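Residue numbers (the numbering used here): 63 to 614.
A short worksheet on the structure shown next.
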C-alpha cells in the first residue's frame, strides 16, 4: 500500500516497547474503517495526509496513540482520566455506530455514563482532564454540562464533599492561632466513609473550578460549604506559595484572587473577616485589578466590627511605601463601614472605635513607626471616636506608648504628637497620670493642669448648684410638713368637739320635743360656725323651708 506510514511523532516514545509491541505505522484504511470523517476525506483525495486532520484537533500524543491502538484492533484502557478526550476526538472523527459497529464513541460514552457520572471522584478525575481547546469541544457536545450537573447533584446531597464548613472566631475570642480568624470545622464529615477519601475541587484549574462553583451557587448548594471550598482553593493556589515566584505564577495567583473574589457569597457572616483581609493583602501585593481590591474593601467594610487588630496591619505598596502601613486603604474601609451601617444601636460604632484605638496602640510600640504615620492614624482614630461619646484615654495611652518607644524625639516633635489629643475629653485618672508623666512635653503638661483646674471649678460650681437645689427642696418639704401638721391639729380639734356634741345630744334625750328641736338647731348652728361655714350666730337665721308633702 502506498503511503501506509503514519508519522511517528504522534506516538509516545514508549510505543515501540509497549506491552503489545505495536508497530509504529498504521494503515490509513484502518483509520478510515473506524472514522467516517477520515473515510470521506480519503475518498475525495486518497493521498490526503491525515496528520493534518489530527493536528487540527489539538489532542495530546497519548490520546492520539489510544485512538491509533483502537483503530489497529487492540484493546485500549478506557479510564476516567482519558474518557472525555476520547469522546471528543471520537466525536470529531465521527467514529459512530453508523459507520462501524462497536465503535470508539459508543464505548467511551458508555463508560462515561455508567462509571464516571455516578461517582464524585471519577467525575472530578474526568473533569480535570479538560484543558485548552478540549474544554470548548466538551462544552459543545454537552460533556461539560453533564459533569457540572453530576457534581452539583452530589454536592447538594452531601455538601461535606466540598469540605468542612469554617468556624468563624469572634474578634475577642482567644485562640492559640493568632494568625487566623477562622479554622476548619473538626466535626466528622457526614455520609463519608472513613476509609474513602474524596477528590478535592481545589485540584481543578481555575477555568474548570469557576464554572463548578457558579453552578453550585445557582443550584442552591449550601453556601457555608461553598465557602469552605473557596477557602481551600485559596490556600492551595495562593496562600501556600513562597515569596520567590515566577512571573507566570504571580499572574496565575492574581487570576485566582480576582475570580474567587467574584465568587464569594454576599451574605454577611459567611466569609471570615480575617480571610478577606488576607485576600486583600495578597491582592495588593499581586497588583490585582481595582475592581477586585475595591470589592474586597467593600466586603471588609460591611463587617469591620468583626475584625481584629492584626487584620488592620496592611503594609504599604507602590507609591505609598513612604509609610509603613496603608492608611488610605484603611480610610476607604472605614468609609464603606459607615456608609453601610444601618443598625439603630451604636454598639457597632463603639466596637470599631475601640478597634481603631487598639490598632493605634499596637502601632505605637513599633520602634520604626514614623511620626507622620502615627499622627495620621491617631487623627483617624479620633475621627472614628467622635460620634461615640468616648473619652480620649485610648488616644492618650497610644501617645504615651509612642513617646516611650521613641525617646529620641525632640521637644517640638513631642509637642506635635500631643497636639492631636483633646485634654477636655480625658478622664480624671488620665489627667492625674498626665500631670506626672515626664515623657510629655512641658507645654502639654501645663495645658493638662489648666484644663484640670477648669474642670475642678466646673465641678465645684455644679456641686454648689446641686447643694442650693437640695436646700430649696428641703425648705419646701419643711413648709409642706408644717402645713400638714396644722391640718392634723385642726382635724383632731374637730373630732374632739364632735365627740362633745354627741355626748350633749345623748344627755338631752329625755327633754321635750321642742327643746330637742331647739337644741338640735343650736347644735348644728354651732357646728357650722366652728367649721367655718358661717361667721357669726346672726348668719344662722337663714330660712329653712320644709319640703311640702304632696297629697298622694
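Positions of the beta carbon are idealized from the N, C-alpha and C atoms, including for glycine.
As the structure is a prediction and not an experimental result, all values here were calculated from the model.
{"Check": "Counted within 10 angstroms of its Cβ, other Cβ atoms place residue 219 as buried (16 or more) or exposed", "Outcome": "exposed"}
{"Check": "As assigned by DSSP and simplified to three states, the class of residue 77", "Outcome": "Any reading at residue 77 must be qualified, since the residue scores a pLDDT of 37, below 50, and its modelled position is unreliable; the value itself is stated next. It is helical."}
{"Check": "Where the alpha helix (DSSP H) containing residue 188 begins and where it ends", "Outcome": "182-190"}
{"Check": "Any 3 or more C-beta pairs closer than 8 angstroms across the region 109-118 and the region 163-177", "Outcome": "no"}
{"Check": "Distance between beta carbons of residue 134 and residue 92, contact taken as under 8 angstroms", "Outcome": "6 angstroms"}
{"Check": "The region 476-496 in contact with the region 424-432 per 3-pair CB rule at 8 angstroms", "Outcome": "no"}
{"Check": "Beta-ladder partner(s) of residue 387, from DSSP", "Outcome": "377"}
{"Check": "Rounded C-alpha distance that separates residue 554 from residue 515", "Outcome": "58 angstroms"}
{"Check": "Per-residue DSSP class, three states only, for residue 366", "Outcome": "helix"}
{"Check": "CB of residue 303 within 8 angstroms of CB of residue 195, strictly", "Outcome": "no"}
{"Check": "Secondary structure of residue 429, DSSP reduced to three states", "Outcome": "coil"}
{"Check": "Three-state class that DSSP yields for residue 193 in the structure shown", "Outcome": "coil"}
{"Check": "Euclidean distance between Cα positions of residue 532 and residue 540", "Outcome": "12 angstroms"}
{"Check": "Proximity winner among 207, 393, 177 and 297, relative to residue 225 (alpha-carbon distances)", "Outcome": "297"}
{"Check": "Rounded separation between residue 325 and residue 291 - CA only", "Outcome": "11 angstroms"}
{"Check": "Residue of 223, 289 and 279 minimising C-alpha distance to residue 260", "Outcome": "223"}
{"Check": "Exposed unless 16 or more other CB atoms sit within 10 angstroms - verdict on residue 528", "Outcome": "exposed"}
{"Check": "Where the alpha helix (DSSP H) containing residue 154 begins and where it ends", "Outcome": "142-154"}
{"Check": "Spatial distance of residue 567 from residue 551 (CA atoms)", "Outcome": "25 angstroms"}
{"Check": "Burial state of residue 508, where buried means 16 or more other Cβ atoms lie within 10 Å", "Outcome": "exposed"}
{"Check": "Residue 344 burial status per 10 Å Cβ neighbour count (16 or more: buried)", "Outcome": "buried"}
{"Check": "Alpha helix (DSSP H) runs wholly inside the region 437-503, at least 4 long, in chain order", "Outcome": "455-467, 473-480 and 490-497"}
{"Check": "Option in 511, 376 and 392 with minimal Cα separation from residue 386", "Outcome": "376"}
{"Check": "CA-to-CA distance, residue 493 to residue 487, given in whole angstroms", "Outcome": "10 angstroms"}
{"Check": "Per-residue burial, residue 474 [other beta carbons within 10 Å of its own, 16 or more giving buried]", "Outcome": "exposed"}
{"Check": "Residue 102: first and last residue of the uninterrupted alpha helix (DSSP H) it sits in", "Outcome": "98-106"}
{"Check": "First and last residue of the uninterrupted alpha helix (DSSP H) at residue 278", "Outcome": "268-280"}
{"Check": "Supposed close pair residue 149, residue 205 - CB separation, criterion 8 angstroms", "Outcome": "6 angstroms"}
{"Check": "Extent of the continuous alpha helix (DSSP H) to which residue 286 belongs", "Outcome": "285-296"}
{"Check": "Which of helix, strand or coil DSSP assigns to residue 395", "Outcome": "helix"}
{"Check": "Euclidean distance between Cα positions of residue 103 and residue 125", "Outcome": "21 angstroms"}
{"Check": "Exposed unless 16 or more other CB atoms sit within 10 angstroms - verdict on residue 293", "Outcome": "buried"}
{"Check": "Alpha carbon of residue 472 to alpha carbon of residue 455, nearest angstrom", "Outcome": "23 angstroms"}
{"Check": "Nearest to residue 427 (by Cα), restricted to the options 404, 459, 413 and 441", "Outcome": "459"}
{"Check": "Simplified DSSP assignment, three categories, for residue 228", "Outcome": "strand"}
{"Check": "Beta-carbon gap between residue 319 and residue 363 smaller than 8 angstroms", "Outcome": "no"}
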